[in-house]
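What follows is one structure encoded as structure tokens, with my remarks underneath.
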Amino acid sequence: MVEENTIFIGKKPLMSYVLAALRQINDNDGTVVIKARGKAISRAVDVAEILRNQFATTATVDGIEISTERLTSDEGRESNVSSIEIFMSVPEEDIGTHSSRA
């Protein structure tokens, strides 16, 4: 089951994910989980850093989980793909106060 505060990183522009994460922080309980696999891992780190340094400056990284997922292609081949989950939050008093203007 996917939680409501999860952002999956793909091929869209970075700022799309940064703004989505900011919206999650402001609209929910002040937390967001940024998830990515494979080549998108570096983009997930970029999203977390842009969010923390430019938009939600009180945000902290509460944890990072890395793992390997085993995927099966349409042709039946199996491959290992690295994945990352970055858990971030802002203090309770700052929920809803972050602007999308840097």
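8 is the number of the first residue of the sequence shown in my numbering; add one for each residue after it.
Where a beta carbon is used, it is the ideal one built from N, C-alpha and C, also for glycine.
The structure presented is a predicted model; accordingly, all values stated were derived computationally and were not measured.
Can you name the residues that DSSP bridges to residue i?
i          : result
residue 43 : 91
residue 15 : 42
residue 85 : 79
CB residue i to CB residue j, shorter than 7 Å?
i          : j          : result
residue 31 : residue 25 : no
residue 35 : residue 12 : yes
residue 14 : residue 28 : yes
residue 87 : residue 75 : yes
residue 55 : residue 41 : yes
residue 97 : residue 45 : no
Please report the residue range of the beta strand (DSSP E) in which residue i lies.
i          : result
residue 77 : 67-79
Output the boundary residues of the alpha helix (DSSP H) element that contains residue i.
i          : result
residue 33 : 21-34
residue 51 : 48-57
#### Entry: Any 3 or more C-beta pairs closer than 8 Å across the segment 81-100 and the segment 42-52
yes
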